[in-house]
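Data block below; observations after.
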Amino acid sequence: MLRITTLTFLLFLVLSAANAQDVIVKRDGKTIEGKVTEVGVDRITYKISNAENSANFLILKNEVSRIEFDNGQTVFINDRLVRSRDRSVMTQEREPLGRNLINISPFKALDSGPGFALSYERILDKKGYFGLIIPFTITIPGTSVYLFDVADNNGSAMFYLSPGLKIYPFGQRKVTYAVGPSFFFGRGEDWDNGSSYDPVTGMYVSGRHTNTMTRAGLLVNNYINFQVTPKFQIGLNAGLGSRFVDREEYMSRATYIRGLQVTGEFNFNLGFRF
């Protein structure tokens, strides 16, 4: 009788060891019984069957409170590091963008010629749907060179101030689109170093003829910005509109006024946010 009892007890121990399972206790109090096969950096792999070819299941580490292994060992999941890492990633991804932007345009094309610009932009609202931009543009005096290095004496230079409103339909993102009107006012001069015939002396007299130009109008610009980092962005914009003021004073003696003219601009800029 003693021998039968001993054999029954040993058989019970063997069967219990064979069917022993780990217990995964979740933070909400629910439990999962299975065989833990791997405890990774941010997830736990387990099986619900002891068969070798059975399916693997995953559970995130931040959902688990502790693991009670079949050998009696209990491991508590310390989520401080996990939560700290997740919090730092979320903070980095959600780092608020500055509402002030300084844009430097190494290249800007206008109908009066190429140039460069410097602008300041201020995001007006907390959600980032509206911005006020104030660009200042200088065109590069146009020159060309003829054969035998005889320089072309004709040229022009313009200065533009063009405040505008930017509307961001989707707010501030990694890739941001904006559209809005801008009013521009420009003033400058063109010159011609040539000669003119003097009927009194019967000779050609060399001189510099300077004309003063004034332009004003309205543009509708389309902007696209690529937010490379929270502090740095690359932008492009193209605009189309009309000049309703196009006046030229010739040698302070005559004024030419042109009618409504179609105009446009294209701009590439590098921006810094703060």
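Numbered per the working numbering, the sequence shown spans residues 8 to 281.
Cβ coordinates follow ideal geometry from the N, Cα and C atoms, glycine included.
Query	Result
Same chain, Cβ closer than 6 angstroms to ASN110, neighbours up to 5 away in sequence not counted	SER126, ASN276 and GLY278
Segment contact flag, the segment 239 to 252 with the segment 73 to 83, C-beta cutoff 8 angstroms, min 3 pairs	no
Assigned secondary structure, LYS33 (DSSP; H/G/I helix, E/B strand, else coil)	strand
Distance between ILE31 and ARG50 (C-alpha atoms, nearest Å)	12 angstroms
Secondary structure of ASN274, DSSP reduced to three states	strand
Cutoff 6 angstroms; reference PRO121; Cβ partners in own chain excluding five residues on either side	ILE147
Sequence-distant residues of its chain with Cβ nearer than 6 angstroms to GLU255 (five each side left out)	ASN218, MET220 and TYR263
Host beta strand (DSSP E) of GLU59 (start-end)	No beta strand (DSSP E) contains GLU59, which DSSP labels as neither H nor E.
Per-residue DSSP class, three states only, for LEU181	The sequence shown places Lys at residue 181, rather than the Leu named in the question. Coil, per DSSP.
Candidates LYS115, LYS181 and LYS42, of which the one nearest ASN232 by Cα	LYS181
GLY187 beta carbon less than 9 angstroms from that of THR144	no
For LEU139 and ASN229, the rounded distance between their alpha carbons	14 angstroms
Reduced DSSP secondary structure (H/G/I, E/B, other) of LYS42	strand
Residue from ASP199, PHE191 and SER213 whose Cα sits closest to the Cα of VAL3	What is shown of the chain runs 8 to 281, which leaves residue 3 out entirely.
Neighbourhood of VAL43 by C-beta distance below 8 angstroms, restricted to the same chain and skipping five residues each side	ASP29, ILE31, ILE51, THR52, TYR53, ILE74 and PHE76
Rounded Cβ spacing between PRO176 and TYR167 (contact assumed at less than 8 angstroms)	Contact flag wrong, Cβ pair sits at about 27 angstroms.
Burial state of PRO142 (16 or more Cβ within 10 Å)	buried
Start-to-end residues for the beta strand (DSSP E) that takes in ILE241	239 to 257
ILE84 to ARG280 span [Cα, whole Å]	41 angstroms
Run of the beta strand (DSSP E) containing LEU172, from where it starts to where it stops	171 to 174
Which of helix, strand or coil DSSP assigns to LYS54	strand
Contacts around GLY209, its chain only, beta-carbon distance under 8 angstroms, and the 5 residues preceding and following it disregarded	none
Span of the beta strand (DSSP E) around TYR127	120 to 130
Rounded C-alpha distance that separates ARG129 from GLY41	58 angstroms
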